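Notes to accompany the following structure.
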Amino acid sequence: MTAFLGEPAPIPAGPGPSRQARLVALLYAPEQVRQRSRRIYEAMVDESPHVRTGDFAAIAAEDLERMFRLYDADFFLGRLSEMLQEDLAFPMAFRLSRRLTRAAGQTTRLVRRVQRGGRTVDQPEYEIAVSTTLLFNTFRDVDREVVVGGLVCADRLEALQRIFEHELLHLAEFLGWGRSSCSAENFHMLSRRIFGHEGARHDLVTPREQAAATFGVRVGDAVEFDMEGSRLRGRVNRITRRATVLVEHPSGALFTDGRRYQTFYVPLPLLRKV
């Protein structure tokens with residue numbers, strides 16, 4: 021969108037009934053969904069320098085941007101990009117996150133108050149993040165069925181597609197309605213019509229599950245580890261990319277059980293169960 025001398029500066033269009041109608045009009049039969057999803061799968065393998073197989077071992081943020089372009093063209097008929105441009109929010113941001121250990125993905129809408137054309141307006145910014153922790157934990161050491169969006173995934177790329185589809189639905193709701201909730205009926209309606217999802221839950225392999233399968237360590241286990249030449253003994257309180265271990269010590273923080281603990285963040289391979 022270009023503004024010429026003497027013309028008022030463009031104002032973000034924002035959500036509304038017209039956008040909602042354009043999104044609700046999208047409807048695909050199950051076979052159409054399968055064909056389009058497979059086409060995107062094959063395009064990712066053909067075009068990405070990182071995603072070379074279904075169980076790829078590396079990925080970059082530009083792969084998420086590539087996946088966005090493919091989905092927007094094939095499923096949304098370019099409407100997501102159009103709405104982002106109308107909001108002066110194109111291109112949007114894509115990010116890979118190691119810190120997301122419970123949610124497989126996250127779509128955020130940030131609204132800033134800015135001056136444009138002598139007016140104060142809301143300027144939205146959008147970002148989709150995908151958890152590499154959950155993605156790479158899955159289809160590795162834990163041998164079980166993986167279900168995302170109510171659909172069984174055969175490999176890591178299919179799981180990424182289902183995660184990304186879920187996040188695109190959040191983006192579509194933000195663009196059309198200004199808010200999004202995967203527990204609300206509107207989200208489920210779009211999910212069924214566009215992607216044929218049968219649920220909103222992601223059953224990927226969590227750090228807790230990975231730790232139990234690979235290292236035999238679970239929350240609540242008594243463990244010991246070496247720290248700066250000393251051997252410490254404590255209890256696992258939490259597991260993310262590392263284990264949070266509480267070691268009882270008189271100078272530690274007071275916890276609700278009335279005892280004092282020092283907190284250590286320990287890589288899982290360094291723990292030994294006792």
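First residue of the sequence shown? That's 21 in the numbering used here, and the numbers climb one at a time after it.
For each residue, glycine too, the CB sits at the ideal point set by N, CA and C.
Please read these numbers as outputs of a predicted model, since none were measured by experiment.
Sub-7 Å separation of residue i and residue j beta-carbons
i, j, result
"residue 68", "residue 83", "yes"
"residue 290", "residue 245", "yes"
"residue 121", "residue 190", "no"
"residue 263", "residue 161", "no"
"residue 288", "residue 231", "yes"
"residue 73", "residue 116", "no"
"residue 272", "residue 281", "yes"
"residue 222", "residue 168", "yes"
Minimum C-alpha distance to residue i - residue among the options
i, options, result
"residue 140", "191, 32, 44, 275", "32"
"residue 150", "166, 138, 186", "186"
"residue 235", "119, 251, 293", "293"
"residue 242", "266, 109, 58", "266"
"residue 108", "78, 114, 144, 77", "144"
"residue 118", "73, 75, 81, 232", "81"
"residue 104", "94, 284, 89, 116", "89"
"residue 113", "99, 85, 188", "85"
"residue 255", "248, 261, 268, 247", "268"
"residue 188", "172, 72, 95", "95"
"residue 174", "70, 58, 148, 204", "58"
"residue 37", "136, 70, 198", "198"
"residue 238", "270, 251, 259", "259"
"residue 75", "148, 134, 156", "156"
"residue 283", "134, 257, 55", "257"
"residue 111", "204, 135, 148, 54", "148"
6 Å Cβ shell around residue i - same chain, five flanking residues per side excluded
i, result
"residue 218", "170"
"residue 34", "none"
"residue 25", "Because residue 25 sits at a pLDDT of 46, beneath the cut-off of 50, its placement in the model cannot be relied upon, and the point is left open."
"residue 50", "216"
"residue 154", "124, 224"
"residue 40", "196"
"residue 132", "143"
"residue 227", "121, 259, 260"
Residue i - partner residues in DSSP beta bridges
i, result
"residue 128", "147"
"residue 250", "247"
"residue 171", "168"
"residue 114", "148"
"residue 274", "280"
"residue 49", "Residue 49 is not bridged to any residue."
"residue 264", "258, 285"
"residue 140", "135"
"residue 242", "255"
"residue 223", "167"
"residue 292", "244"
Neighbourhood of residue i by C-beta distance below 8 Å, restricted to the same chain and skipping five residues each side
i, result
"residue 87", "60, 64, 180, 181, 184"
"residue 22", "Here the model assigns residue 22 a pLDDT of 45, short of 50, so the residue's position is not dependable and the matter cannot be decided."
"residue 209", "44"
"residue 270", "280"
Cβ-based neighbour list, residue i, same chain, cut-off 7 Å, excluding 5 preceding and 5 following
i, result
"residue 201", "207"
"residue 158", "166, 176, 179, 224, 225"
"residue 129", "144, 146, 194"
"residue 92", "98, 100, 101"
"residue 229", "162"
"residue 71", "64, 65, 79, 83, 177"
Q: For the segment 37-53 and the segment 213-230, state whether three or more C-beta atom pairs, one from each stretch, are separated by less than 8 Å.
A: yes
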